[in-house]
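What follows is one structure encoded as structure tokens, with my remarks underneath.
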Amino acid sequence: MMVKLKKQPEKKCEHTINLATVESEDGAFQCPKCGTSISPDDETEENYEIMDTKVVNDELVELDIACGKCGCLIKITGFQPSFDA
696 MMVKLKKQPE
706 KKCEHTINLA
716 TVESEDGAFQ
726 CPKCGTSISP
736 DDETEENYEI
746 MDTKVVNDEL
756 VELDIACGKC
766 GCLIKITGFQ
776 PSFDA
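When we follow our numbering, the leftmost residue of the sequence shown carries the number 696, and every step to the right adds one.
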């Protein structure tokens, strides 16, 4: 008798990055899975793809992106509120 083993579903790569804890001066960080450098200055979206945004009171509070290399989903939090003078 042959027993088929169920294939274990692959765990999705999902991480949260708090920008308040990122130590780089320009806000760049590395993908937690593959190490690809992700920079907010990269407007080409070669290294990431924006999946979703969360805005509260006209302020960006959360940004969901996918790494362009490995597809890891990264939730970015910790955006600094803007102050109108």
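Beta carbons are placed, not taken as given, at the ideal position from N, Cα and C, and that holds for glycine.
Quick check on DSSP: helix, strand or coil for residue i?
| i | result |
| --- | --- |
| Ala761 | strand |
| Thr739 | coil |
| Thr665 | No answer is possible for residue 665: the residues shown for the chain start at 696 and end at 780. |
Considering residue i, what are the terminal residues of the beta strand (DSSP E) in which it resides?
| i | result |
| --- | --- |
| Lys707 | Careful: Lys707 lies outside any beta strand (DSSP E) and carries neither H nor E. |
Which residues in the same chain have their Cβ closer than 8 Å to the Cβ of residue i, if we skip the five residues on either side of it in sequence?
| i | result |
| --- | --- |
| Ile733 | Ala723, Phe724, Gln725, Cys726, Asn742, Tyr743, Ile760, Cys762, Ile769 |
| Gly766 | Cys708 |
What does a CB cutoff of less than 6 Å around residue i pick up in its chain, not counting 5 residues either side in sequence?
| i | result |
| --- | --- |
| Asp747 | Asp759 |
| Lys749 | Val756, Glu757 |
| Asn713 | Thr772, Gly773 |
What's the gap between the Cα of residue i and the Cα of residue j?
| i | j | result |
| --- | --- | --- |
| Thr739 | Ile745 | 11 Å |
| Ala715 | Pro735 | 14 Å |
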